[in-house]
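Have a look at the structure below, then the notes.
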Amino acid sequence: MKIKNKPSKINTSDSSDKLKKISKNIRKRRSVYASEFIKKELPEKLLEEILINAIWAPNHKMTEPWRFIVFRGKYLKEYGEFMAQYYKNFYTELSAEAQKEKLNYLRKYPLNSACMIGVIMVRNTKINLPEWEEIAAVAAAVQNIALTCTAHKIGSYWSTKGVAIDYVAQFDLAENEKSLGLLYLGYYPKDLKSSKKKRTPLSKKVIYLE
Numbered sequence: 001m002k003i004k005n006k007p008s009k010i011n012t013s014d015s016s017d018k019l020k021k022i023s024k025n026i027r028k029r030r031s032v033y034a035s036e037f038i039k040k041e042l043p044e045k046l047l048e049e050i051l052i053n054a055i056w057a058p059n060h061k062m063t064e065p066w067r068f069i070v071f072r073g074k075y076l077k078e079y080g081e082f083m084a085q086y087y088k089n090f091y092t093e094l095s096a097e098a099q100k101e102k103l104n105y106l107r108k109y110p111l112n113s114a115c116m117i118g119v120i121m122v123r124n125t126k127i128n129l130p131e132w133e134e135i136a137a138v139a140a141a142v143q144n145i146a147l148t149c150t151a152h153k154i155g156s157y158w159s160t161k162g163v164a165i166d167y168v169a170q171f172d173l174a175e176n177e178k179s180l181g182l183l184y185l186g187y188y189p190k191d192l193k194s195s196k197k198k199r200t201p202l203s204k205k206v207i208y209l210e
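Residue numbers 1 to 210, in full-length UniProt numbering, belong to the letters of the sequence shown in order.
Here it is as C-alpha cells:
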C-alpha cells in the first residue's frame, strides 16, 4: 500500500474553500433588530432546519438542556402589547405625546418578525451539572440558530431583557425550567447596511504556551 506524505492539491483546495465559507458565515453573523425586518413568511422546512441545527449544539453528558417555543401570528401582536404594558410606567419623565409614541413603537416592534422563538433552559434533574454548563449549551444552540439564519440571509436577534424573559416564563414552564428570553427571526432589506463593529485583535486575546 502506497502512503502519500502530502495531501493532494485538490483536497487542500477543497478544504481551504470550505474553511473560507465557514469563516465568512461566522464573521458575517450580526444582530439584526426587529425594527429592521420586512414582512415575509419563513418557509416551514427552513424553520425546521434552523431548529434541528439548534439541537445539534454541544452539551455535557447529553443532557440536551433546551426547549423552544415558536411564536407566530397573533402572538407577535400579543407580545407587542405585553411590552407596552410592561414599560408603561417606565417613561414617566417623557411628555404624554412622547410616551404614547414610545409605547406605540413597542406595540408594533415585533410585527414584521417571521417568528419569535422562546428560549428555555431545562435543568436535568438526574444528572447534577453546574447551571453555567447548561446555560452555555443553550447559548451554543442559539448560536447554531444565528449561523443558520446568516447562511440563509435571515436576520436574528436574541433579546435577554426582563420583558422577554418574563413573557416566555408565562407559558407553563416546569420547576426545572428557566426562560432565557426571545429570539427574533425575520427577513431584512437587501440594502441593509453592514455592521461597522470591529473585534479586538487576536494578539490581545490569546496567549500560546509551549
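For each residue, glycine too, the CB sits at the ideal point set by N, CA and C.
So, are the CB atoms of Glu36 and Gly118 less than 8 Å apart?
On the sequence shown, residue 36 is found 36 positions in, with the first residue counted as 1. On the sequence shown, residue 118 is found 118 positions in, with the first residue counted as 1. It is not a contact, given that the beta carbons lie outside the stated cut-off.
Helix, strand or coil, according to DSSP, for Arg199 in the structure here?
Looking up residue 199 in the sequence shown gives position 199. It is coil, neither helix nor strand.
Comparing alpha-carbon positions, which option in Asp172, Gly80, His152 lies nearest Leu42?
Taking the first residue of the sequence shown as 1, we reach residue 42 at position 42. Checked all of Asp172, Gly80, His152; the closest Cα to Leu42 is His152.
Looking only at its own chain, which residues have a Cβ that is under 7 Å from the Cβ of Ala57, when we skip the five neighbours before and after it?
Within the sequence shown, the letter at position 57 stands for residue 57. Excluding residues within five positions, the ones whose Cβ falls inside 7 Å are Ala137, Ala140, Ala141, Asn144.
Roughly how many angstroms lie between the CA atoms of Gly186 and Glu48, to the nearest whole one?
Taking the sequence shown and counting its residues from 1, the one referred to as residue 186 is at position 186. Taking the sequence shown and counting its residues from 1, the one referred to as residue 48 is at position 48. Using only the alpha carbons, I get a separation of about 15 Å.
Closest to Gln99 by C-alpha separation, out of Leu111, Gln85, Pro110, Tyr75, would be which residue?
Residue 99 sits at position 99 when you count from the first residue of the sequence shown. When each option's Cα is compared against that of Gln99, the closest is Gln85.
Going by beta-carbon coordinates alone, are Ile120 and Trp66 separated by less than 8 Å?
Here residue 120 refers to the residue found at position 120 when the sequence shown is read from its first residue. Here residue 66 refers to the residue found at position 66 when the sequence shown is read from its first residue. A contact, by the Cβ cut-off of 8 Å.
Applying the criterion that 16 or more other CB atoms from any shown protein chain within 10 Å of the CB defines a buried residue, is Lys193 buried or exposed?
Sequence index remark: in the sequence shown, residue 193 carries index 193 (1-based). Label assigned to Lys193: exposed.
Let me check understanding here. Comparing Cα to Cα, which of Ala54, Ile127, Asp166, Tyr33 lies closest to Pro110?
Translated into the one-based positions of the sequence shown, residue 110 becomes position 110. Closest option to Pro110, Cα to Cα, is Tyr33.
For Met116 versus Tyr208, is the C-beta spacing smaller than 8 Å?
Here the question's residue 116 lines up with position 116 in the sequence shown. Here the question's residue 208 lines up with position 208 in the sequence shown. Cβ distance not < 8 Å, so Met116 and Tyr208 don't count as in contact.
Where does Ile10 land, buried or exposed, given buried means 16+ other C-beta within 10 angstroms?
Indexing the sequence shown from 1 puts residue 10 at position 10. Bear in mind that a pLDDT of 43 at Ile10, under 50, signals an unreliable position, so the number given afterwards is only what the model happens to contain. It is exposed - the Cβ of Ile10 has fewer than 16 other Cβ atoms within 10 Å.
Going straight from the alpha carbon of Ser95 to that of Met83, what length do you get?
Along the sequence shown, one-based indexing puts residue 95 at 95. Along the sequence shown, one-based indexing puts residue 83 at 83. Those two C-alpha atoms are separated by around 19 Å.
As an exercise, report each continuous beta strand (DSSP E) stretch of at least 3 residues that is fully enclosed by the stretch 81-151, in chain order.
Listed in chain order, they are 115-122.
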